[in-house]
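Be aware that the sequence shown starts at 3, since it is given in my numbering, and climbs by one per residue.
A virtual CB, placed ideally from N, CA and C, is assigned to each residue, including glycine.
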Amino acid sequence: TLREYQSAREESACGACPQGSFCEGPGQQRISGDCLEGFYCPEGSTDKAQQLCPAGSSCPAAAAEPIECEPG
């Protein structure tokens, strides 16, 4: 989670880490980094390889969700 205000003292005052990025622990002041290529990171992700990109999809770095590949 991200601390929205530096003076926030409780986790309930924090927001979820934004899509396409990850936050390694609660109470971070900034994101830890972008999601890795081949993976996607929905809102609230805690790992740079949060969700493996499913077969038939593409996941560039900082992907919030898989992009379905065109048939063929």
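- Contact between Glu45 and Pro62 is absent: CB atoms are separated by about 18 Å, not below the 8 Å threshold.
- In the three-state reduction of the DSSP assignment, Ile69 falls in the strand class.
- In this structure, Phe24 keeps its C-beta atom at 8 Å or more from the C-beta atom of Ser60.
- The alpha-carbon of Arg32 is positioned some 15 Å away from that of Ala64.
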